[in-house]
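Student:
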Amino acid sequence: MRDFNCSATFCLGRCSMLKLRVIPTLLWKQLGLVKGVGFDSWRRVGSVLPAVKVYNTREVDELILLDISATSESRAPDYESIEEFSAECFVPLTVGGGIGDIEHIQRLLQVGADKISINTAALENPSFVREASHHFGSQCIVVAIDARRLSDGRYECYSHCGTKPAGRSAIEWAQEVEFLGAGEILLTSIERDGTMEGYDIELIRGISEAVQIPVIASGGAGNYHHFYEAVANGGANAVAAASMFHFTQQTPLEAKQFLKAKGLPIRHGHSLRYS
Amino acid sequence: MMMKTIIINYGMGNLNSVRRALQECGASVLISKNANDLDNADRIVLPGVGAFSEGMKNLHAGNWPDAIRLSVRNPNVALLGICLGMQLLAERGYENGETEGLGFIPGEVKRMSIAGKNERLPHVGWNEINLLRAGPLLAGIDNQTDFYFVHSYQLNPRQKDDVIAETPYCGNFASVVQRGNIFGTQFHPEKSSHAGFQLLRNFLSRSLLDA
């Protein structure tokens, strides 16, 4: 485990002086905000727009908005809705779901997305990652890797919202997408998703040691200490969570105060006054 | 009274995000492709995502440079360049060849060069600003507040007085500049949450140019 008592130690780490990010993930289908367990048993937890507005008041560092039914319904992103959501989002917004070609990305950026998250289309056609990062710059291309642990301890990638095994090792795929120009990896453990039992630290460590680009830990966060573990033990540059913000009283703001007290480099926002 | 604010639409960047943020901060906003609209503006915003040479080419194609120069002769009008928009305030840039800029801020725009072994380009994410001197644009904003950056080039002002704040990455680069009624931020205030709103409210404030 690395020593993070001094934030300067972190600054010498993978990501220079940039701040650790706490990111709520919003999953939506048919205009409803949903959350599942293990990429299954989806339940409706509200509407997207009010959630975006609330998170904006809470000084989140970024928002991830994933349309989880677009790919399985073989449809393009819902640009109108995304434009409505992005109009209320005054932090960087990452949008995913149903993105299959360059025109989809172009339009999403036009309606207010700052970054684009790709999973299935990248697995089906890896050169799409190269094409997309070449067109729009690596900084706006996020590759989402949904991984499931195999009995031998290796991790396999899944496409189509966790339903289709892709027959690829998660670590090798992460290295490949970095080579192809991805700017960031959104790494989700399918088994831990929605459990609130903690991230799969071994998965996060495996990927973050294998690539230089930032890794966003996702799947399993249930409390602030889980965030700390993903960074301190897993080497993540950002932590994403959905259930713990939907179903518990814990907030991104408190999470950041907790991580700040642990010595991690947290964004100094305008309305936040840390002791 | 609301500040009449024009966002220059020269085909470069996230105009809607900038508009929404300005509206939230109380401005009356017009996104315009017509340089004549500047006649009625109290505040002018030059946003921008993209390359310096293409940015200048598009500004010239819309007859913007002379119209902007004329508008900012009025001491009650203020101009804010954001990201590429700030870089275009310089005399020249070197992205995709040497290109003459708007020339409001003496200095040049060059590619950043990695100084620390863990630095990477583009510089993307939340990073802090270190205040070098007081400026009305940063009123009420603490030293070391974080803002959201996405860029690979930096503006190097020739006159230190033009630099209001620096950010420690690739050495130190100018992250906020001001010369009279011309302002620029290398970061995106429209994506920088409350701190970004504070900055935009300062820009829209009637007392911005009182000093």
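From first to last, the protein sequence lines are chains Z and W. By the numbering used here, the letter at position 203 of the first sequence is numbered 203, and the numbering carries on one by one without gaps. By the numbering used here, the letter at position 101 of the second sequence is numbered 101, and the numbering carries on one by one without gaps. Quick reminder that beta carbons are idealized off the backbone N, C-alpha and C, glycines included. Note that this is a predicted model, so its numbers are computed, not measured.
(1) From this set, GLY140(W), LEU208(W) and LEU155(W), which residue's C-alpha is nearest ALA90(W)'s C-alpha?
(2) Cβ closer than 9 Å: which chain W residues qualify as neighbours of LYS260(Z)?
(3) Return the first residue and the last residue of the beta strand (DSSP E) that PRO106(W) is part of.
(4) Chain Z beta carbons: is any one of them nearer than 7 Å to that of VAL18(W)?
(5) For VAL92(Z), would you say it is in contact with chain W, using Cβ-to-Cβ distances shorter than 7 Å as the test?
(6) Any contact of the region 18-25 of chain Z with the region 57-69 of chain Z, i.e. 3+ C-beta pairs under 8 Å?
(7) Three-state secondary structure (DSSP) at PHE39(Z)?
(8) In chain order, which alpha helix (DSSP H) runs of at least 4 residues are fully inside the region 63-147 of chain Z?
(9) Have a look at GLY11(W) and LEU150(Z) and give me their C-alpha separation to the nearest angstrom.
(10) Per DSSP, which one or two residues make a beta bridge with PRO189(W)?
(11) Taking one C-beta from the region 22-38 of chain W and one from the region 256-266 of chain Z each time, how about it: are there three or more such pairs within less than 8 Å?
(12) So if DSSP puts PHE173(W) in a beta bridge, which residue, or which two residues, is it bridged to?
(13) Assign MET1(Z) to buried or exposed, taking buried as 16 or more other Cβ atoms, counted over all protein chains shown, within 10 Å of its Cβ.
(14) Relative to chain Z, which residues along the region 138-157 of chain W have a C-beta separation below 8 Å, given in chain order?
(15) Can you pull out the residues from the region 11-44 of chain W whose beta carbon lies closer than 8 Å to at least one beta carbon of chain Z?
(16) Taking 7 Å as the threshold (beta carbon to beta carbon), is VAL176(W) in contact with chain Z?
(17) Closer than 7 Å between beta carbons: that is the criterion. Which residues of the region 58-71 of chain Z meet it against chain W?
(18) Between HIS134(Z) and chain W, is the shortest Cβ-Cβ distance under 7 Å, so that the two count as touching?
(19) Assess contact between the region 37-53 of chain Z and the region 69-85 of chain Z, defined as three or more Cβ pairs (one per stretch) separated by less than 8 Å. Is contact present?
(20) Can you tell me the Cα-Cα spacing of LEU180(Z) and ILE114(W), whole angstroms?
(21) Using a C-beta to C-beta distance shorter than 7 Å, which residues of chain C count as neighbours of HIS226(Z)?
(22) Exposed or buried, which one is GLY140(W) when buried takes at least 16 other CB atoms within 10 Å?
(23) Under the three-state reduction of DSSP, which class applies to ASP61(Z): helix, strand or coil?
(24) In chain Z, what lies closer than 9 Å to GLU54(W) by C-beta?
(25) What's the gap between the Cα of LYS191(W) and the Cα of ASP146(W)?
(26) Does the contact criterion of 3 or more C-beta pairs under 8 Å hold for the region 127-137 of chain W versus the region 28-43 of chain W?
(27) Reducing DSSP to helix, strand and coil, say where ASP161(W) ends up.
(28) Would you say ARG179(W) and GLY107(W) are within 7 Å of each other, going by their C-beta atoms?
(29) In chain order, what residues of the same chain lie with their CB nearer than 8 Å to the CB of GLU166(W), ignoring the 5 residues before and after it?
(30) Is the beta carbon of ARG92(W) closer than 7 Å to that of GLY85(W)?
(31) Looking only at C-alpha atoms, which of ASP39(W), ASN127(W) and GLU95(W) sits nearest to ASP66(W)?
(32) Can you tell me where the alpha helix (DSSP H) with HIS225(Z) in it begins and where it stops?
(33) Would you please verify whether the beta carbon of GLN139(Z) is less than 7 Å from any beta carbon of chain W?
Tutor: Answer, in terms of the structure:
(1) Here the closest residue by C-alpha is LEU155(W).
(2) Neighbours of LYS260(Z) across chain W, judged by C-beta separation under 9 Å, do not exist; the nearest C-beta is about 12 Å away.
(3) Segment 105-111, the beta strand (DSSP E) holding PRO106(W).
(4) No, VAL18(W) does not count as interfacial toward chain Z.
(5) In the sequence on display, residue 92(Z) carries Pro and not Val. True, the Cβ-Cβ gap to chain W drops below 7 Å.
(6) Yes, the region 18-25 of chain Z touches the region 57-69 of chain Z.
(7) PHE39(Z) falls in the coil class under three-state DSSP.
(8) Here the runs fully enclosed are 79-86, 102-110, 120-124 and 127-136.
(9) Taking the straight line joining both Cα atoms gives about 48 Å.
(10) Note: PRO189(W) is not bridge-paired with any residue in the DSSP secondary-structure output.
(11) Touching, no.
(12) PHE173(W) has THR167(W) as its beta-bridge partners, per DSSP.
(13) The predicted position of MET1(Z) is uncertain, since its pLDDT is 36 and thus under 50; a value taken from the coordinates is nonetheless stated next. Exposed is the call here.
(14) The residues in question are ILE141, ASP142, GLN144, THR145, ASP146, TYR148 and VAL150.
(15) Of all residues in the region 11-44 of chain W, ASN14, ASN16, SER17, ARG20, ALA21 and GLU24 have a Cβ within less than 8 Å of some Cβ in chain Z.
(16) Contact with chain Z is absent for VAL176(W), since none of that chain's Cβ atoms lies less than 7 Å from the residue's Cβ.
(17) For chain W, the residues of the region 58-71 of chain Z that bring a beta carbon within less than 7 Å of one of its beta carbons are GLU59 and ASP61, in chain order.
(18) Closer than 7 Å: no.
(19) A contact exists between the region 37-53 of chain Z and the region 69-85 of chain Z.
(20) Spanning the two alpha carbons is a distance of roughly 22 Å.
(21) Note that chain C does not occur in the displayed structure, where the protein chains are Z and W.
(22) It is exposed - the Cβ of GLY140(W) has fewer than 16 other Cβ atoms within 10 Å.
(23) Coil.
(24) By Cβ distance, chain Z contributes nothing, its closest Cβ being about 14 Å from GLU54(W), past 9 Å.
(25) Going by the C-alpha atoms only, they are around 11 Å apart.
(26) No, the region 127-137 of chain W is not in contact with the region 28-43 of chain W.
(27) ASP161(W) sits in a helix when the DSSP states are folded into three classes.
(28) The answer is no: Cβ separation not under 7 Å.
(29) Its chain contains ILE129, ASN130, LEU132, ASN172, PHE173, ALA174 and SER175 as the residues whose beta carbon lies nearer than 8 Å to that of GLU166(W), once the 5 sequence neighbours on both sides are disregarded; these appear in chain order.
(30) 7 Å or more divides the Cβ of GLY85(W) from the Cβ of ARG92(W).
(31) Comparing Cα positions, the closest option is ASP39(W).
(32) 224-232 is the extent of the alpha helix (DSSP H) around HIS225(Z).
(33) GLN139(Z) counts as touching chain W.
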